[in-house]
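Colleague:
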Amino acid sequence: MSEFRLTQISDTHLARRLPDLTDNFHRLSEHIDGRRPDLVINSGDLAFDAPTSPDDLEFARSLHAALPVPCRYLPGNHDVGDNPTSVGPVPPHPATEAARQTFLSTFGEDHWRFEAAGWCFVGLNSLIMNTGLPSEAEQFDWLASQLANTNGRPVALFLHKPLFLNAPGDPELAASAIRYVPMPARTRLVEMLGSVDLRLVASGHVHQRRDFTHSRIRHVWAPSAGFVIADQRQEVIGIKEVGLVEYRFQPDCFEVLHLRAPGQVDVDLDSLLGASS
Ligand SMILES: [Fe+2]
Ligand SMILES: [Fe+2]
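Just so you know, the sequence shown maps onto residues -4 to 272 in our numbering.
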């Protein structure tokens, strides 16, 4: 295969009780049905909030199972709980092995690697980082073994949380530590990735679209497929809109297309919280 077409969706946040988000997912599904990429990756927060509403995960599974193309999944903090950080408040629902196991039994592997069009694609569970869970160490060991045999192929990394705001050494701040891969796991991850030809880091989580390059590595923040967060709740970093990202990979190069599926609507989080309370 000389070209590989990949669609990234993220932060679908599906729940039976929130039909506006289901509507946005259906618009996404119709778009995907028309485009028929080789693969869809959901980069996490598939469920609106599985730690408090476990059925959300099953509901998200049923909707994704109806997509007409192969899918791969990564967990988000609203699927398996969140990372502990050294500077921020303790998350209300820290990531646990039990929640990870529920994700595995519902969606399959939480980390994976495959090759297509001369590229090596790696997906990681970013929520177990800094937890000290055995699965954190196991994933790092697995990653080291995978990175050891890329055979010079360019690497595209997918994970829920962005690695950083602007640069690997950005200081962790209490107000935003929960937004990025936490220290010191970030430093370890960045060092490991330094051994390969990393070209792309694709993430979700922030619910803002962003696309920038640092040290010749492109960082793409996929927007949420479901909802945006008002400025009074969250600072503006990129573009606050719902949508998706399409990629075309060919040996040694790739293209990125930022778009919104026809009919997708910028639902606001506050309207959802009003509807669900
Ligand atoms: Fe999210
Ligand atoms: Fe998230």
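Glycine residues also receive a C-beta, built at the ideal position from the N, C-alpha and C atoms.
1) Report the partner residues of Trp216 according to the DSSP bridge assignment.
2) Is Arg183 helix, strand or coil when you go by DSSP?
3) Which of helix, strand or coil does DSSP assign to Ile27?
4) Indicate, with yes or no, if ligand 1 has a heavy atom lying under 7 Å from the CB of Ser38.
5) Quick one, are the C-beta atoms of Gly118 and Phe153 less than 8 Å apart?
6) Three or more C-beta pairs under 8 Å: does that hold for the region 128 to 138 against the region 69 to 83?
7) For the pair the region 177 to 196 and the region 217 to 232, tell me if three or more CB-CB distances fall below 8 Å.
8) At the level of alpha carbons, what is the spacing between Pro14 and Val201?
9) Tell me which residue opens and which closes the beta strand (DSSP E) that Glu53 is part of.
10) Alpha carbon to alpha carbon, how far is Asp28 from Phe249?
11) What's the C-alpha gap between Asp40 and Ser198?
12) Would you report the Cα separation of Asp192 and Leu268, rounded to the nearest angstrom?
13) What is the DSSP secondary structure of Ile173, reduced to helix, strand or coil?
14) What separation, rounded to the nearest whole angstrom, lies between the Cα atoms of Met178 and Glu92?
15) Taking the C-alpha atoms as reference points, what is the distance between Leu338 and Thr97?
16) Do His253 and ligand 1 come close, with the Cβ less than 7 Å from some heavy atom?
17) Buried or exposed: where does Thr2 fall if 16 or more other Cβ atoms within 10 Å of its Cβ makes it buried?
18) Residue range of the alpha helix (DSSP H) that Thr2 falls in?
19) Per the DSSP calculation, Gly118 is bridged to which residue(s)?
20) Which word fits Thr126, buried or exposed, when buried means at least 16 other C-beta atoms lie within 10 angstroms of its C-beta?
21) With a threshold of 8 Å on Cβ separation, who are the neighbours of Thr47 within its own chain once the five nearest residues in sequence on each side are excluded?
22) Starting from Arg67, follow the beta strand (DSSP E) in both directions and report where the run begins and ends.
23) Is Glu236 closer than 8 Å to Phe255 when the C-beta atoms are compared?
24) With DSSP as the reference, please indicate the residues paired to Ile36 in a beta bridge.
25) Which term fits Phe109, buried or exposed, when burial requires 16 or more other beta carbons within 10 angstroms of its beta carbon?
26) Return the first residue and the last residue of the alpha helix (DSSP H) that Arg95 is part of.
27) Quick one, which of Phe116, Gln259, Ser266 and Leu158 has its alpha-carbon nearest Leu138's?
Modeller: Working from what's here:
1) In the sequence shown, the residue the question calls residue 216 occupies position 221. Per DSSP, Ser198 and Arg205.
2) To locate residue 183, count along the sequence shown from 1; it is residue 188. Helix.
3) If you number the sequence shown from 1, residue 27 lands on position 32. Under the three-state reduction of DSSP output, Ile27 falls in the helix class.
4) Counting from one through the sequence shown, the residue named residue 38 turns up at place 43. Outside the cutoff, so no.
5) Within the sequence shown, the letter at position 123 stands for residue 118. Within the sequence shown, the letter at position 158 stands for residue 153. In contact: Gly118 and Phe153 (Cβ atoms closer than 8 Å).
6) Touching, no.
7) At 8 Å Cβ cutoff, the stretches do not touch.
8) By one-based count along the sequence shown, residue 14 stands at place 19. By one-based count along the sequence shown, residue 201 stands at place 206. So the two alpha carbons sit approximately 22 Å from each other.
9) For the purposes of this step, residue 53 is taken as residue 58 along the sequence shown, with counting starting at 1. Segment Asp50 to Ala60 is the alpha helix (DSSP H) holding Glu53; no beta strand (DSSP E) there.
10) As a working note, residue 28 is residue 33 in the sequence shown. As a working note, residue 249 is residue 254 in the sequence shown. So the alpha carbons of these two residues sit roughly 22 Å apart.
11) Indexing the sequence shown from 1 puts residue 40 at position 45. Indexing the sequence shown from 1 puts residue 198 at position 203. One C-alpha to the other measures close to 11 Å.
12) Numbered from its first residue, the sequence shown carries residue 192 at position 197. Numbered from its first residue, the sequence shown carries residue 268 at position 273. Near 43 Å, if we compare the C-alpha coordinates of Leu268 and Asp192.
13) Translated into positions along the sequence shown, residue 173 becomes position 178. In the three-state scheme derived from DSSP, where H, G and I count as helix and E and B as strand, Ile173 is classed as helix.
14) Taking the sequence shown and counting its residues from 1, one reaches residue 178 at position 183. Taking the sequence shown and counting its residues from 1, one reaches residue 92 at position 97. Met178 and Glu92: Cα-Cα distance of roughly 20 Å.
15) Beyond the ends of the chain as shown, which are -4 and 272, falls residue 338; an answer cannot be given.
16) Mapped onto the sequence shown, residue 253 falls at position 258. Relative to ligand 1, even the nearest heavy atom lies 7 Å or more away from the CB of His253.
17) Counting from one through the sequence shown, the residue named residue 2 turns up at place 7. A residue is called buried when at least 16 other Cβ atoms come within 10 angstroms of its Cβ; Thr2 meets this threshold and is buried.
18) Sequence index remark: in the sequence shown, residue 2 carries index 7 (1-based). Run containing Thr2: none in the alpha helix (DSSP H); it sits in the beta strand (DSSP E), Phe(-1) to Ile4.
19) On the sequence shown, position 123 is the one that residue 118 refers to. According to DSSP, which records beta bridges pairwise, Gly118 is partnered with Trp107 and Phe153.
20) As a position in the sequence shown, residue 126 is number 131, starting the count at 1. Buried, because 16 or more other Cβ atoms sit within 10 Å of the Cβ of Thr126.
21) The residue you call residue 47 lines up with position 52 of the sequence shown. So the qualifying residues of the chain are His88.
22) Position 72 of the sequence shown, counted from the start, is the residue given in the question as residue 67. In this chain, the beta strand (DSSP E) harbouring Arg67 covers Cys66 to Tyr68.
23) The count along the sequence shown starts at 1 and reaches residue 255 at position 260. The count along the sequence shown starts at 1 and reaches residue 236 at position 241. According to the sequence shown, residue 255 is Arg rather than Phe. A contact, by the Cβ cut-off of 8 Å.
24) Start at 1 with the first residue of the sequence shown, and residue 36 comes out as number 41. Answer is Gln3 and Arg67.
25) On the sequence shown, position 114 is the one that residue 109 refers to. Answer is exposed; the Cβ neighbour count stays below 16.
26) Sequence index remark: in the sequence shown, residue 95 carries index 100 (1-based). Bounds of the alpha helix (DSSP H) holding Arg95 are Glu92 to Phe102.
27) By one-based count along the sequence shown, residue 138 stands at place 143. For Leu138, the closest of Phe116, Gln259, Ser266 and Leu158 by C-alpha to C-alpha distance is Phe116.
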